[in-house]
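Okay, so the first sequence: first residue is 6 according to my numbering, each after it adds one. Where is the CB? At the ideal position from N, CA and C, for every residue including glycine. Just so we're clear, the structure is a prediction, and the values are computed from it rather than from any experiment. A quick write-up on the structure given underneath.
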Amino acid sequence: MIRVRMAPSPTGYFHIGSSRTALFNWLFARKNKGVFILRIEDTDKERSKKEYEDDILKSMKTLGLEWDEFYRQSERSGIYREYLEKLIAEDKAYYCFCTREDLEAERESQTAAGVAPKYSGKCCVLTEKEIKTNLEAGKPYVIRLKIPAEKVSFDDMIRGPIEFDLGLVGDIVIAKNLDEPLYNFSVVVDDILMDITHVIRGEDHIPNTPKQIALYRALGRPEPTFGHLPLILSPDRSKMSKRYGDVSIKEYLSKGYLPEAIVNFVALLGWHPKNDKEIMVLDELVDEFDIDRVQKAGAVFDIEKLNWINRQYLNALDEENLTEKIRGFIPADWKTNAAMIEAIKPRLERLGDAAELLHVYFELPDYDGTLLFWKGEDRDTAGILKKLANEIETAGDRFDLEEITAKIMSLVPQDKKGDYLWPLRVSLSGSKTSPTPFELLAGLGKEESLRRIKIAIEKLGK
RNA sequence: GCUCCUAUCGUCUAGUGGCCUAGGACAUCAGGUUUUCAUCCUGGAAACCCGGGUUCGAUUCCCGGUGGGAGCGCCA
């Protein structure tokens, strides 16, 4: 039975990189009929915030990444304490009373000597009596794991064999005290207790892996299979950061990127299906997913591609659905109709752009009357507009796009399209770029269209 | 500095020794449809980091170099 987990720490809003780690874990679980676990790693009391945890949960749900089991490390401190005591009792871990200043000095001298900084192991040789005295005196301490100076290797699912020399690492701190475990330790204890079979996480965790393997060995448990995903990069190829744009799922959602589009996009960052298919929803991704096909090198986040994918999803929406989704992004008093929605659809990149595109239907901007002239020349523009207005007058109250198009075109000479359609469009939109005059008529309706044309004629002073 | 990871068009990638005159997508450029914008259609330009091997034959395998990245916390 395959069991994987996503283990975010609630120290910030759900990151786009985390969303991909979550997605790949989720896909791996679903593909193999396994279990996907969400575990909140909130052992750092100073930095963890409920607000962030809420955002992580909400974002994952929105993206469709439902979990089968849920845990919170802050609720498991008794468990860690038990294992900590066990390791100390078995002489696999020990109390360390070195002060931060001691350590700092040690590190500096090592760096100066050109060697890799590493804890000397000074407190490892403390006698039981010394430890007891220190503890009773209330001296601050940490707990360190004895790291054997040996080579460890593991077979990464994505990268193949990776070897490390633990001799370079030194005895790592695994807890601030009996009740405050640190990352490397709590992760391993939980992964053991939760029967995690595959640890799939970001490449930045590769250096943690040998330390964690040492922990598995100290705890006498077999290690899981590890798989390290490539990083999502900023345009400068460094780990994706705020500097180049939004990094949280929350921000993308609030700009009007569809959850399906975000999922689809991050799936393609470092992974590719066997065929050339690019637009895929979660179900299709499960069908196509194969962890052997994930890349080894980092992938640059390209917002242009996300925009394109988002457009694909937006365009596939029917009018009713799109209207519903747009609702939250435009003023509440804007009563849209089907014609407006259909008109802006091909121009819509993000739902957040809807207000700007729809604006023309709810407010006629002030414009210069000369804008009405096709190619800057007044060829009886006012006369033409009057003719068009008369024609529109004869139509029914509600315009059907096709009908109104046919009606108007019946009036327009083949070789004078610009003379007729340009002023019509400008009079309806007050702008030189807008949807087509027919789309405007259909969206605006008879009354408002005639009102706007009248304004145009007045601007022409006739 | 030390350790580890990594390397195909600007970007995401296909490619697992001959099918590669290196394929697709985004972006870009040109043309077409469209009164404008967007959509849409057609076409173009654009890449195997370098050097050694191995092999009849390397983008593909091996080694070295170089470039890029990550990690080196009493953060996760």
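Asked: Contact set for L89: own chain, Cβ-Cβ below 8 Å, skip 5 residues either direction; Found: A98, I148, I179, A180, L183, P186 and F190
Asked: Buried versus exposed call for A304 [16 or more other C-beta atoms within 10 Å across all chains shown]; Found: buried
Asked: Candidates L393, E111 and K151, of which the one nearest S415 by Cα; Found: L393
Asked: Beta-carbon gap between L369 and I460 smaller than 8 Å; Found: yes
Asked: Presumed contact (8 Å Cβ cut-off) between A272 and L43, rounded CB distance; Found: With a Cβ gap of about 19 Å, A272 and L43 do not count as contacting.
Asked: Buried versus exposed, by CB contacts within 10 Å (16 or more), D195; Found: buried
Asked: Boundaries of the alpha helix (DSSP H) in which E289 is found, first to last residue; Found: L287 to E293
Asked: Range covered by the beta strand (DSSP E) that runs through V178; Found: V178 to N182
Asked: Neighbourhood of V493 by C-beta, 6 Å cutoff - its chain only, sequence neighbours within 5 removed; Found: Residue 493 cannot be examined here, being either before or after the span of the chain that is shown, 6 to 467.
Asked: Cutoff 7 Å; reference D60; Cβ partners in own chain excluding five residues on either side; Found: Y18, F19 and K255
Asked: Helix, strand or coil at Y249 according to DSSP, with G and I counted as helix; Found: helix
Asked: Contact between the stretch 441-448 and the stretch 343-356 (3+ Cβ pairs under 8 Å); Found: yes
Asked: A359 beta carbon less than 8 Å from that of I314; Found: no
Asked: Minimum length 3: unbroken beta strand (DSSP E) runs contained in the stretch 195-226; Found: 203-207
Asked: Per-residue DSSP class, three states only, for R4; Found: Nothing can be reported for residue 4, as the shown portion of the chain is limited to 6 through 467.
Asked: Close Cβ partners of G275 (< 6 Å) along its chain, the five nearest in sequence each way excluded; Found: P235, V299, Q300 and A304
Asked: Identity of the residues DSSP links to S454 by a beta bridge; Found: Paired residue(s): none; S454 is not in a bridge.
Asked: Selection from V192, G357, M162 and G381 that minimises the alpha carbon distance to L263; Found: G357
Asked: 6 Å CB neighbourhood of S64 in its chain, flanking five on each side removed; Found: F19 and I254
Asked: Alpha helix (DSSP H) runs wholly inside the stretch 377-406, at least 4 long, in chain order; Found: 386-398
Asked: Endpoints, beta strand (DSSP E) assigned at E168; Found: G165 to D170
Asked: Inter-residue CB distance, E324 and A343 (contact presumed, cutoff 8 Å); Found: 5 Å
Asked: Coarse secondary structure for A304, derived from DSSP in three states; Found: strand
Asked: Coarse secondary structure for M65, derived from DSSP in three states; Found: helix
Asked: Same chain, Cβ closer than 6 Å to D307, five either side skipped, listed in chain order; Found: none
Asked: Length of the line joining the Cα atoms of E208 and K216; Found: 15 Å
Asked: Per-residue DSSP class, three states only, for P186; Found: strand
Asked: Beta-carbon gap between K54 and P13 smaller than 8 Å; Found: no
Asked: Run of the alpha helix (DSSP H) containing M11, from where it starts to where it stops; Found: M11 -> not in any alpha helix (DSSP H); beta strand (DSSP E) instead, spanning R8 to M11.
Asked: Cβ-based neighbour list, F469, same chain, cut-off 6 Å, excluding 5 preceding and 5 following; Found: With the chain covering 6 to 467 only, the question about residue 469 has no answer from this structure.
Asked: Whole-number beta carbon distance between K137 and C103, since they are thought to touch under 8 Å; Found: 17 Å between Cβ atoms; not a contact.
Asked: Backbone secondary structure at A27 - three-state DSSP; Found: helix
Asked: Nearest residue (CA-CA) to E155, options I218, I197 and D241; Found: I218
Asked: Whole-angstrom distance between L311 and P428, CA atom to CA atom; Found: 36 Å
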